[in-house]
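Taking the working numbering, the leading residue of the sequence shown gets 2, the next gets one more, and so forth.
Glycine residues also receive a C-beta, built at the ideal position from the N, C-alpha and C atoms.
None of these values were measured; they are calculated from a predicted model.
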Amino acid sequence: MSFIEQNAFHPQPLIKVRELCVDYITEKGTFQAVKSVSFDIGKGEIFGLAGESGCGKSTIAFALTQLHRPPALISHGEILFDQQDLLSLSPQALQAIRWSDIAMVFQSAMNALNPVITVGEQFEDVIVRHMGNQVTKKDIKARAEELLEIVNIPKSRLNDYPHQFSGGMRQRLVIAIALALSPQLIIMDEPTTALDVVVQREILQQIYQLREQFGFSVLFITHDLALMSQLCDRIAVMRHGKIVEVNQASQVRNHPQHPYTQELWASFPNIHQGRRSSIDLDQVLEEIQ
């Protein structure tokens, strides 16, 4: 029996992944980290990729942007982004797509930010790399200030360095930088893992609001299925490099089909009846609306 719901409603696909395989080539042999994975992400959709550590989630994220490094190797499959086959593009064409069409928010904001240059310079680096002489310093500053205000950081902090911000503010900075070139897809790899519960809540509100405002798609990757189930439109559950279940988030949450998905739910403490997450995201979304 298949637990992958192929007919579940979702928007027109922005990205299609078909039979993707990623191997790690080592002296001891070949390890297949991602095994014939297929999924779509619709335009304007928040699509969740859940599973325990080591199941292949982050490997997929890096493969989609082709930021993977040896010994990782894409051995098979197809990645279609807006009808373009990303695996057939030249390095120059891929560079043009990264950040401008597909941006990435990494797990550790402190590692993603350059510690020796200001926030304003980090915005400038991303924008100039892709737009060159098409944009002036005045325009870059205006765009950076606009984005800081969008993520609720005072524009007066444009000349501050990453270490001068709290963990939650650094994560919002990374999200703002990801938005700099108005991408169609943002890949978020464990964006709230190192944050406390209150800050997690703020970041999730931010992601939801920004998606509503700008209409971009999100690939949201986390091991926290309970958190994901209330933020995402659809969820894919991974185990040992394979997707074992894909469905609407409400179905995955309330009626998990695959035994592994059921096992994941059982691993979450259930202090209050009917609540599996430490964050009440139903309340979060009500506050947003």
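Terminal residues of the alpha helix (DSSP H) in which residue i lies
| i | result |
| --- | --- |
| A113 | 110–113 |
| V199 | 198–215 |
| D190 | It is not in any alpha helix (DSSP H) - D190 instead sits in the beta strand (DSSP E) that spans 186–190. |
| Y261 | 260–267 |
Contact test: residue i Cβ vs the ligand PLP heavy atom, cutoff 7 Å
| i | result |
| --- | --- |
| V238 | For the ligand PLP, the structure offers nothing, since it holds no ligand at all. |
Proximity of residue i and residue j at Cβ, strictly below 8 Å
| i | j | result |
| --- | --- | --- |
| L65 | I188 | yes |
| R212 | A181 | no |
| P260 | W266 | no |
| M239 | G43 | no |
| L186 | D102 | yes |
| F107 | R235 | no |
| V18 | I80 | yes |
| S59 | D190 | yes |
| G45 | P12 | yes |
Enclosing beta strand (DSSP E) for residue i [first to last residue]
| i | result |
| --- | --- |
| L220 | 218–223 |
| G45 | Element bounds for G45: n/a, residue is neither H nor E. |
| K243 | 243–249 |
| A237 | 235–240 |
| I178 | Here I178 belongs to no beta strand (DSSP E); instead the alpha helix (DSSP H) covers 168–179. |
| I89 | According to the sequence displayed, residue 89 carries Ser and not Ile. No beta strand (DSSP E) contains S89, which DSSP labels as neither H nor E. |
| F107 | Per DSSP, F107 belongs to no beta strand (DSSP E) and is neither H nor E. |
Identified DSSP bridge partners for residue i
| i | result |
| --- | --- |
| R130 | None, per the DSSP bridge assignment. |
| G30 | T27 |
| R144 | Answer by DSSP bridge pairing: none, since R144 is not bridged. |
C-alpha gap between residue i and residue j, whole angstroms
| i | j | result |
| --- | --- | --- |
| Q165 | E146 | 17 Å |
| I61 | Q263 | 23 Å |
| Q207 | V152 | 7 Å |
| L232 | V117 | 34 Å |
| V245 | S268 | 17 Å |
| K36 | K29 | 19 Å |
| P92 | F63 | 15 Å |
| P270 | H224 | 15 Å |
Residue i classed as buried or exposed, judged by whether at least 16 other C-beta atoms fall within 10 angstroms
| i | result |
| --- | --- |
| A94 | exposed |
| I26 | exposed |
| G1 | Here the chain covers residues 2 to 290 and nothing more, so residue 1 does not appear. |
| A227 | buried |
| F32 | exposed |
| E20 | exposed |
| R202 | buried |
| P155 | exposed |
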